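Down below is the structure, laid out as structure tokens.
In the numbering used here, the protein residues as written are 888 to 1230.
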């Protein structure tokens, strides 16, 4: 029986059992991989009679081996974790990644896009500011450079979007909190810099109404990315004003929740589940410090590794193809409930 026809480098990597980045490195420079790996690739080439798209490879070489990675705030642990995965895998594939932070400012984001143009990158991973982004500038850039959006969706921009299904993840934790105690209020920022905040609010309302509960949204005043401070000040205010209609608080992200935990401690309220506790507090994202708060924070984990890996796979497939995808792609990953002592 004849072997199936292999048409793309992605398919060849799958059938040969060799990682896509390693295969890419071989085709750009056979001597860049170990001799044993080179032998495996060459044996698979003969077995499957595969020949790479030379035109597409030449097009890629006309650019550079540079990859841009742009996030709103590089010091945010969630973005830092995704960038860590992207950076490592780009290097393994023989690319040179460069990281940029727009610091939540549309003007900075536009400047970064202009700087990237001068680098002539092979491609870019972009977590845009979302509704604060300059859509015209994004459209112009993405028409020139293969760009994969992650975390924050801007409809119709870029080759693809990879992120978390906020309706699934928020629905998951609202259901859990409602089953194990009083239904939660949502605690969020009034001037949220996080572009996912509106989707999480809509997801919270939908989940609460589906369970027959009345949604209650409490907003903390503040702007920018100092979420812990905003969560602390807002938490102190709502506790002092007795503004909580329930003893369960769902914060729209873990950094706000960390601030709220500090506020509860400041006000002398014990956080946890069971008798003797005044409040339950939960978050979203699974911040690296969430397991080390006191008490440890119940949350929904975003799959950073899967988001990064899918983003990489999509960009490499786009580069292999030598041209834009026929249709823009969208991939949403499920969140995972992480039960800890705070709820």
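Don't be surprised by glycine CBs; every beta carbon is placed ideally from N, CA and C. All values derive from a computational prediction rather than experimental measurement.
What's the gap between the Cα of residue i and the Cα of residue j?
i: residue 1231; j: residue 1103; result: With the chain covering 888 to 1230 only, the question about residue 1231 has no answer from this structure.
i: residue 1011; j: residue 918; result: 27 Å
i: residue 927; j: residue 912; result: 14 Å
i: residue 980; j: residue 1036; result: 20 Å
i: residue 969; j: residue 1191; result: 5 Å
i: residue 1177; j: residue 1141; result: 7 Å
i: residue 1209; j: residue 1027; result: 19 Å
i: residue 1199; j: residue 1212; result: 15 Å
i: residue 1057; j: residue 1185; result: 13 Å
i: residue 954; j: residue 1099; result: 48 Å
i: residue 921; j: residue 907; result: 15 Å
i: residue 939; j: residue 901; result: 14 Å
i: residue 1225; j: residue 1093; result: 21 Å
i: residue 999; j: residue 957; result: 8 Å
i: residue 1007; j: residue 1052; result: 32 Å
i: residue 1019; j: residue 1064; result: 32 Å
i: residue 1023; j: residue 1183; result: 43 Å
i: residue 1013; j: residue 1062; result: 32 Å
i: residue 909; j: residue 976; result: 10 Å
i: residue 1230; j: residue 929; result: 55 Å
Measuring CA to CA, which of the options is closest to residue i?
i: residue 1161; options: 1002, 923, 1170, 1068; result: 1068
i: residue 1032; options: 1047, 1079, 899; result: 1047
i: residue 1135; options: 1127, 1158, 1150; result: 1158
i: residue 1129; options: 1098, 1109, 1166; result: 1166
i: residue 1201; options: 1217, 1016, 1189; result: 1217
i: residue 893; options: 936, 1205, 1125, 916; result: 936
i: residue 916; options: 904, 952, 1088; result: 952
i: residue 1083; options: 1151, 1004, 1171, 1193; result: 1171
i: residue 1108; options: 1169, 1101, 1125, 1163; result: 1125
i: residue 966; options: 977, 984, 983, 988; result: 988
i: residue 1205; options: 993, 1029, 1060; result: 1029
i: residue 1221; options: 1203, 1227, 1194, 1215; result: 1194
What would DSSP say about residue i, mapped onto helix, strand or coil?
i: residue 1065; result: helix
i: residue 1158; result: strand
i: residue 893; result: coil
i: residue 1141; result: helix
i: residue 1173; result: coil
i: residue 972; result: helix
i: residue 1058; result: helix
i: residue 991; result: coil
i: residue 1016; result: coil
i: residue 1146; result: helix
i: residue 932; result: helix
i: residue 1152; result: helix
Since residue i sits in a beta bridge, which residues does DSSP pair it with?
i: residue 955; result: 985, 1011
i: residue 1212; result: Residue 1212 is not bridged to any residue.
i: residue 1049; result: 1037, 1218
i: residue 1167; result: 1135
i: residue 1225; result: 1186
i: residue 1021; result: Its beta-bridge partners do not exist; DSSP assigns none.
Comparing the CB of residue i with every heavy atom of the ligand MN, is any distance shorter than 7 Å?
i: residue 1177; result: This structure simply doesn't include the ligand MN, nor any ligand for that matter.
- [ ] May I have a chain-ordered list of the beta strand (DSSP E) segments no shorter than 3 residues that lie completely inside the segment 1064-1137?
- [x] 1072-1076, 1104-1107
Open item on the list: Could you tell me which whole alpha helix (DSSP H) segments of length 4 or greater appear in the segment 1181-1208?
Closed with: 1191-1208
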